[in-house]
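Novice: My numbering runs 306 ahead of the 1-based position in the sequence shown. Built from N, CA and C at the ideal position, the CB exists for glycine as well. Got a structure for you, questions after.
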Amino acid sequence: MKSSESIWAERSEMKRCLMILPRPIFPLVSGYSNKNYHLVQILANRYRLQVVVLTESRLTREELQFYAAQQVACTVWKRTRRRSVFGALCSLLRGHSLQTGYYFDRRLEKRVRELAEQSEVCIASLIRTWNYLEALPPDPDKTLVFDMVDSIALNYEGSRRRAASVLWRWIYTVESKRLMREEQHAIEHSSVTYLFNEAEYRYWLLRGNVRLLPHGVPEQLFSYTKRDRRFQASVAFIGKMDYQPNVDAILWYLREIHTKIGGMLPLLIVGAGPTREVKALAGKLGNVTVTGFVEDPYLYLNSALAVIAPMQTGGGIQNKVLEGMALGKVNVVTSLAAKPIVGAADRQHLLIADSPEAFIHILSDIRDHPNRYHAIGLHARELIRKRYTWEHYGRLYIEGIEESQ
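Printed below as a string of structure tokens:
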């Protein structure tokens, strides 16, 4: 067993890495949270890691204890929502995106510069924090990582075409154009850029050192066996329920599909922060369970007849689909939800439905003939086991950094 002195000696020889996060990662209720929870552990095993977390409230004791357990130095940068909104409006007037303006702070820029001087690797999480690395003086020995995850510009371009509100259509139009320019600049000036979505990866591929990096799922899902018989005839949706693409998806399902088949296929909506609109419509229609935050969301997924992801907007990390597939469940999803999952084929690993009629037909057939779809769940689990573990993700992430140095 190594002594504490030898452990600290080893860590002192590690390269230093600075990581900037636009918001806290706890509680672990979103794709952003789960991804960065695992990434911090991956980086802490390889580097002497310093994390800067922007927040509008105090970090939870749980998050602070997590960083301490990983021997990660943490700088908490607290700012008021009023200051963030003011920054976004100033950014809008200057011709920049709301996204970057909301998260930029001149005082923090100075602090990041001081920390970056001591770091060989600097990571910007999302386009929201790239400006902090953009402001650093040129240094050929420093590796700048743009952890882009997904292209907000391309997502907003799609949302612009689907937005019903004139105001939101204008916001998406302006923001998508500005983000397109900013994302391109970040890709061109970073040492390496990571993207999750294959279509977005192909779009940006020629702009710089862009790498496709699938996210992972918890290993325990492959052997998860808990079930609750009360939910075995239900379909389940999981996600952070104050995240607008999730809200759009479940409202669409409730209005277009649940109104027609909800009497025979109960719906489970699993996830923290359900909006008033979601709860009101679910209560009005009936035969819907809205759980809010639960300690073990996988119990609901694994108990359900099928897992759905009827995404209408967005285009980012579909952890909900990856997790459902890892459990060996039949996943019925829109093309938008399926698109980022490299290697997933319709009717082999999941079922794609883009219209209410298609959803109704597929879900009704699963209810009537569940054994027909058993093999799809098995194929899905095998695909995730091969390509979507955090171990695989971490290996590719570190490889990308080291090959860029």
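#1: Only counting runs of 4 or more residues, tell me where the alpha helix (DSSP H) segments fall wholly within the stretch 614 to 683, in order along the chain.
#2: Given this structure, state the Cα-to-Cα distance separating Gly629 from Leu591, to the nearest angstrom.
#3: Using 10 angstroms around the beta-carbon of Met307, count the other beta-carbons present and answer buried if the total reaches 16, otherwise exposed.
#4: Taking the alpha helix (DSSP H) that Asp554 belongs to, which residues open and close that run?
#5: Which whole-angstrom value describes the C-beta separation of Ile326 and Val418, a residue pair presumed to lie in contact below a C-beta threshold of 8 angstroms?
#6: Taking DSSP's pairing of strands, which residues face Trp383 in a bridge?
#7: Check whether the Cβ atoms of Arg475 and Ser403 lie closer than 8 angstroms to each other.
#8: Three or more beta-carbon pairs under 8 angstroms between the stretch 545 to 562 and the stretch 606 to 621, yes or no?
#9: Going straight from the alpha carbon of Gln356 to that of Asp674, what length do you get?
#10: Pick helix, strand or coil for Ser431, following the three-state DSSP scheme.
#11: Report all residues from its chain with a CB closer than 7 angstroms to the CB of Ala686; omit the five preceding and five following residues, and keep chain order.
#12: Along the alpha helix (DSSP H) that carries Met486, what are the first and last residues, could you check?
#13: Please return the same chain residues whose Cβ sits closer than 6 angstroms to the Cβ of Ser465, not counting the five positions on each side in sequence.
#14: Would Leu360 be called buried (16 or more neighbouring beta carbons within 10 Å of its own) or exposed?
#15: Spell out a yes or no on whether the stretch 337 to 351 and the stretch 571 to 591 are touching, meaning 3 or more CB-CB pairs, one atom from each, closer than 8 angstroms.
#16: Less than 6 angstroms between C-beta atoms, sequence neighbours within five positions excluded: which residues of the same chain meet that for Thr273?
#17: Here's a check: name, in chain order, each residue in its chain whose Cβ is nearer than 7 angstroms to the Cβ of Val378, leaving out the five neighbours to either side.
#18: Start and end of the alpha helix (DSSP H) containing Phe372?
#19: Under three-state DSSP, which class holds Thr565?
#20: Hey, quick one: how far does the alpha helix (DSSP H) through Thr406 stretch, first residue to last?
#21: Quick one: what does DSSP say Ile331 is sitting in, helix, strand or coil?
#22: Just curious, the alpha helix (DSSP H) that Arg467 is in, first and last residue?
#23: Let's test the definition: count the other Cβ atoms within 10 Å of the Cβ of Thr435 and tell me whether it reaches 16, buried, or not, exposed.
#24: Helix, strand or coil for Arg322 per DSSP?
#25: To test your reading of the DSSP string, which unbroken beta strand (DSSP E) runs of 3 or more residues are found completely within the stretch 497 to 528?
#26: For Cys396, count neighbouring Cβ atoms within 10 angstroms of its own Cβ and tell me buried if that reaches 16, exposed if not.
#27: Excluding the five sequence neighbours on either side, which residues of its own chain have a C-beta within less than 7 angstroms of the C-beta of Glu415, listed in chain order?
#28: Identify, in the order they occur along the chain, each residue of the same chain with its Cβ nearer than 6 angstroms to the Cβ of Ala505, setting aside the five sequence neighbours on each side.
#29: Using DSSP bridges, identify the partner residues of Asp453.
#30: Would you check if there are 3 or more beta carbon pairs closer than 8 angstroms linking the stretch 499 to 518 to the stretch 447 to 466?
#31: Taking 6 angstroms as the limit between beta carbons, can you name the residues of its chain near Leu702, skipping five residues before and five after?
#32: Just checking my contact of Leu571 with Leu669 at CB under 8 angstroms: how many whole Å lie between their CB atoms?
#33: Going by DSSP, what residue range makes up the alpha helix (DSSP H) through Leu345?
#34: Helix, strand or coil for Ala542? Go by DSSP, reduced to three states.
#35: Taking the alpha helix (DSSP H) that Val584 falls in, what are its first and last residues?
#36: On the three-state DSSP scale, how would you describe Lys605?
Specialist: Quick answer:
#1: 625 to 632, 641 to 644, 662 to 674
#2: Here residue 629 is Glu; the residue named in the question, Gly, does not match the sequence. Straight-line Cα distance between these residues: approximately 28 angstroms.
#3: Interpretation of Met307 is limited by its pLDDT of 43, a score under 50 that renders its predicted location unreliable; no figure is taken from the coordinates.
#4: 550 to 559
#5: 7 angstroms
#6: Leu360
#7: no
#8: yes
#9: 54 angstroms
#10: strand
#11: Met631, Gly634, Asn637, His655, Leu656
#12: 472 to 495
#13: Tyr478, Thr619
#14: buried
#15: no
#16: Only positions 307 to 711 of the chain appear in this structure, which leaves residue 273 out of reach.
#17: Val346, Ala350, Leu355, Val357
#18: 367 to 375
#19: helix
#20: 404 to 409
#21: coil
#22: 458 to 468
#23: buried
#24: strand
#25: 498 to 501, 516 to 518
#26: exposed
#27: Tyr438, Ala441
#28: Lys645
#29: Ser431
#30: yes
#31: Leu519
#32: 6 angstroms
#33: 337 to 350
#34: strand
#35: 582 to 591
#36: Before going on, a small fix: residue 605 reads as Leu here, not Lys. If DSSP states are grouped into helix, strand and coil, Leu605 belongs with the helices.
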